[in-house]
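At position 30 of the sequence shown (counting the first as 1) the number is 29 in numbering that gives the first Met the number 0, and the numbers step up by one without a gap. Note that the Cβ used here is the ideal one computed from N, Cα and C, for glycine as well. Computed from a predicted model, the values in this text were never measured in an experiment.
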Amino acid sequence: MRRTSWTLLVILLLSLVLSACTTVQAPAGGAAAGPQTYTLGIALPYTGSLGSFGTDFRKGVELAVEEMNAQLEAAGSNVRFQTASADTEGTPDGALKAVQTVVQTSGAKVVVGPLTTSEVLGAKQFADENDVVIVAPASSGIPGAIAGDNIFRVMYPPDTYAARAFAEIASRRGYQNIVALVVDDPFGNGLIDLFTQLFQEKGGGEVSVVKYAPEPADLSGEASKLSAEVERLSAAGSTAVFAVAFLGDAQKLLQQAVTDPNLGSVDWLGIENLVNPDILADPAHAEFLANVGLTSVS
Numbered sequence: 000m001r002r003t004s005w006t007l008l009v010i011l012l013l014s015l016v017l018s019a020c021t022t023v024q025a026p027a028g029g030a031a032a033g034p035q036t037y038t039l040g041i042a043l044p045y046t047g048s049l050g051s052f053g054t055d056f057r058k059g060v061e062l063a064v065e066e067m068n069a070q071l072e073a074a075g076s077n078v079r080f081q082t083a084s085a086d087t088e089g090t091p092d093g094a095l096k097a098v099q100t101v102v103q104t105s106g107a108k109v110v111v112g113p114l115t116t117s118e119v120l121g122a123k124q125f126a127d128e129n130d131v132v133i134v135a136p137a138s139s140g141i142p143g144a145i146a147g148d149n150i151f152r153v154m155y156p157p158d159t160y161a162a163r164a165f166a167e168i169a170s171r172r173g174y175q176n177i178v179a180l181v182v183d184d185p186f187g188n189g190l191i192d193l194f195t196q197l198f199q200e201k202g203g204g205e206v207s208v209v210k211y212a213p214e215p216a217d218l219s220g221e222a223s224k225l226s227a228e229v230e231r232l233s234a235a236g237s238t239a240v241f242a243v244a245f246l247g248d249a250q251k252l253l254q255q256a257v258t259d260p261n262l263g264s265v266d267w268l269g270i271e272n273l274v275n276p277d278i279l280a281d282p283a284h285a286e287f288l289a290n291v292g293l294t295s296v297s
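So, in structure tokens, the structure goes:
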């Protein structure tokens, strides 16, 4: 995310923090008011398959808070902001624990994060019951669109748009079948279900789905299943691979895919999360992705 976008977003968040906190009354007799410090919570994944994303998001928030504090000081204001942060570890349970920790130890009433839809849903009940505002910077999963809750999803459009775009690409390219690797969580399941519906409405054929549990140690078994399905469906017509997988998981898949002739013989589609320089860090992975023409939408 661009620095300007983050700064504008965090300015809005800091306004929320102020409105969520009790106003401190000025001392009687005109004495100078003491410092007023407000806390913005951060609950993001710093470890796991989305660790690099969570770390980058946190740095963006902290930079924006520093800039805001500098502007407040220059303006002679006694208001300052600080952050309190915890690692969600990329899981629903970890997200709940992180949000609870931040809120209960710092008193924060506005929390940036969690990142993914499954994490957000893990922390949702606690946030709703405790009047905590969750600002989810990257949650786009269809199951997370719940009216009237305390979750504000910003920056990313819902996955209905991505599903339509991928279905249109697949249709225009003439893919008759799709073999999909899908993270088995609300985000992955919601996206692939809608994609399958739209793809088949456009005349597409079979969508063979290979699911994997979040935060896998490796994906060698799933890679073998994908390879077998590509071989089977390619015999019936033009086939492509669709990776609905987070960055770290896709890198695990690529360790197997680079030596698999079936997986290297077809086009690949992949979610926006994969449009990241880190996925090209391994030269063999970069060459493979160039050969299969990895296509994403944003």
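With a cutoff of 8 Å on beta-carbon distance, V78 and F165 are scored as not near each other. For the pair A85 and N261, the Cα-to-Cα distance works out to about 42 Å.
If you check the CB distance, A122 and V101 do not come in under 8 Å. Three or more Cβ pairs closer than 8 Å define a contact, and the segment 264 to 284 falls short of that threshold against the segment 212 to 223.
With a 10 Å radius around the Cβ and a threshold of 16 neighbouring Cβ atoms, K201 comes out exposed.
Note that the C-beta distance between P136 and A42 is not below 8 Å.
Closest by C-alpha distance to G247, out of V64, T82, D148 and E88, is E88.
With 16 or more other Cβ atoms inside 10 Å of its own Cβ, Q250 counts as buried. By alpha-carbon distance to D184, the top candidate from K108, I177 and T90 is T90. Contiguous alpha helix (DSSP H) elements confined to the segment 236 to 280 occur at 246 to 256, taking only those with 4 or more residues.
Here DSSP, grouped into helix, strand and coil, assigns Y160 to helix.
In the DSSP assignment, D86 falls outside any alpha helix (DSSP H) and lies within the beta strand (DSSP E) extending over V78 to D86.
The three-state secondary structure of L293, taken from DSSP, is coil. Contact between P157 and A169 does not hold, since the beta-carbon distance rounds to 19 Å and is not under 8 Å. Q103 and G93 have their C-alpha atoms roughly 15 Å apart. In this structure, I270 and V243 form a Cβ contact; the two beta carbons are roughly 6 Å apart against a cut-off of 8 Å.
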